[in-house]
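Some notes on the structure that comes next.
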Amino acid sequence: MSTLLDSIQPASGGRTILDPATGEPVGRVAEPGVAELDAAVAAAHAAQPGWAALGDARRVELLNAAADAIEANAEELAVILSREQGKPLNGPNARFEVGGAVAWLRATAAVPVEPEVIVNDDATYAEVHHKPLGVVGAIGPWNWPMMISVWQLAPSLRMGNTVVMKPSEFTPLSVLALAQVINTALPADVLIVVPGGREVGEALTAHPGVDKLMFTGSTATGKAIIRSAADSVKRVTMELGGNDAGIVLDDADPAAIAEGLFWGAFINTGQTCAALKRLYVPDSLYDAVCAELTKVAQAMPMGVGLSEDNVLGPLQNKKQYDIVASLVQAAKDGGGRVLVGGDPDESAPGYFYPTTLVADLPNDNPLVAQEQFGPALPIIRYSTLDEAIEMANGLDVGLGASVWTPSPDRAREVALRLEAGTVWINEHGAIDPRVPFGGSKQSGFGVEFSKAGLLECAQPVSIKGAAGSFTAS
Ligand code: NAD
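Just so it is clear: in the sequence shown, position 309 is 1436 by this note's numbering, and no numbers are missing.
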């Protein structure tokens, strides 16, 4: 019986993708070049008017049908994702991500996006419509390949655009498999995936036939893409790197918040854009928070994704493993006190780095100041709240942040002083398709999710005249 994985592999050849937990082959991916990308953009361009002409109500039906198709293939998708990305099936990982893809498709389909009457008085009538932009080029990372693909494709398709998507070279099979399933519900050429590396990505960003780019990845790549998009004035949404701070206030209960702090930092083994990456704790609670977090960290099993027991997995690739290992080394060299972890078994297969907590670091240590994107959390001591806020705001990125306190008034007051696109209260990274999400500073611009996210995939057209000069729609 042919499997989903068989159906997305080339008949022969291609590049072999290895499981980051075991080093064993997962499958092969075709390696198209710029010529295939050109053909894909041309096909998506040709399909776009027909897709737009279906109308919003029909597109909503088809997005929900795509969500049904994912649900029907959920376990097969989760296994491909687990083997290719490394994340375990259980915990907030592979099955959770496939469920997230379904939830985001349905939520994106459910947002009302009617034309808006902006002025309607004795003299003037004006309304704003939202028209498709054309072809959206989507480029994604390797950490949440299925869910982030849906964040890009669902609003683009809903607003009447077609999509050419280039997945990360580290996780192409996950995106190809997801698109294969989604495409059973969609007309031909409305969603096309072109796997490839940087060369294909660069060609997509510079392509004259692409009208908008949705990019999720590192800040360095985002800067290159903004430059590349400038020549044709493409619209761009930039979801870039972060180094999210969490601030525990002095009235928090360490035992009550420890598990929330842990998953805020270690979801997807720390390989999450809006994970908690620096934790600021007041003197009065410092030892208690360190002790409670250590207890939680020691109880969370890490291992091969297909084993049902595990909730933490390997780093997805060697480059990321090396970044985490070198930042923990810098923390040790800088006087950090390792509470747990920090001692990888270099002889074991896979890119496993143990769950690591490091206390007593100065704020300028590289493990604090740089994005680790892995399972190593620095815990920094503070004396005054002003000092904690200054340290939290001291970097040039600002994706998410969090405040931990039972006091609602103090929570809001501190939240409004933090420089981030989202500030969570007593949770971290808990995204919601109804709530806009995006970066501040060098974490990017533009938002995803909610009506605001949908409108970023459309061209606003204002129609205005004297009162009574045209008919209200
Ligand atoms: P990356 O920037 O290395 O790669 C992302 C994608 O860009 C890949 O598909 C890659 O092939 C492509 N690419 C690389 N160079 C390119 C170029 N010059 N032109 C066009 N495309 C190019 O990022 P990554 O390592 O895959 O992902 C990790 C980073 O992504 C982290 O910094 C993380 O914080 C960030 N991230 C942000 C969000 C968010 O929503 N803000 C979400 C997930 C990840």
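Don't be surprised by glycine CBs; every beta carbon is placed ideally from N, CA and C.
Per DSSP, the beta bridge partners of Met1341 are Ala1265, Thr1364. Annotation for Gly1592: Tyr1252 place their beta carbon closer than 7 Å to its own, counting only its chain and skipping 5 residues before and after. Residue range 1251-1259 is occupied by the beta strand (DSSP E) that includes Glu1254, with no alpha helix (DSSP H) assigned at that position. When DSSP states are grouped into helix, strand and coil, Ser1134 belongs to the helix group.
With a cut-off of 7 Å, the C-beta of Trp1271 is classified as near the ligand NAD, since at least one heavy atom of the ligand falls inside that distance. Here Leu1131 really is in contact with Ala1304; their C-beta atoms are around 5 Å apart, less than 8 Å. A Cβ-Cβ distance of about 37 Å is found for the pair Gly1287 and Trp1390, leaving them out of contact under the 8 Å criterion.
The straight-line gap separating the alpha-carbon atoms of Asp1133 and Thr1399 is approximately 29 Å. The alpha-carbon separation between Gly1267 and Ser1596 amounts to approximately 46 Å.
Tyr1413 sits in a helix when the DSSP states are folded into three classes. In this model, Glu1473 and Gly1213 are separated by some 18 Å (Cα to Cα). DSSP places Tyr1478 in no beta strand (DSSP E); its state is neither H nor E. Distances between the C-beta of Arg1155 and the heavy atoms of the ligand NAD are all 7 Å or more. Counting only unbroken stretches of 3 or more residues, the beta strand (DSSP E) elements lying wholly within the region 1196-1256 are 1243-1247, in sequence order. Less than 8 Å separates the beta-carbon of Pro1502 from that of Leu1439. Excluding five sequence positions before and after Leu1313, the CB atoms of its chain that fall closer than 7 Å to its own CB belong to Leu1189, Ala1193, given in chain order. Classified as exposed, Leu1543 has fewer than 16 neighbouring CB atoms from the shown chains inside 10 Å of its CB. Rounded to whole angstroms, Val1495 and Lys1404 show a C-alpha spacing of 8 Å. With a threshold of 7 Å, the Cβ atom of Thr1364 does not count as near the ligand NAD, since no heavy atom of the ligand is closer than that.
Proximity of the beta carbon of Gly1525 to the ligand NAD is not indicated: no heavy atom of the ligand is located closer than 7 Å. Remark: the C-beta of Leu1164 is outside contact range of the ligand NAD, defined as less than 7 Å to any heavy atom. Among the bridge pairs identified by DSSP, Lys1568 is matched with Val1524. Between the alpha carbons of Ala1594 and Ile1207 lies a gap of roughly 58 Å. Note on geometry: alpha-carbon atoms of Ala1347 and Gly1150 lie some 29 Å from one another. Asp1316 is not a Cβ neighbour of Ala1166, given a cutoff of 8 Å. Within the DSSP bridge table, the entry for Ile1506 names Leu1406, Ala1486 as partners. 8 Å or more divides the Cβ of Gly1469 from the Cβ of Leu1488. By the CB criterion at 8 Å, Phe1393 and Gln1447 fall outside the cutoff.
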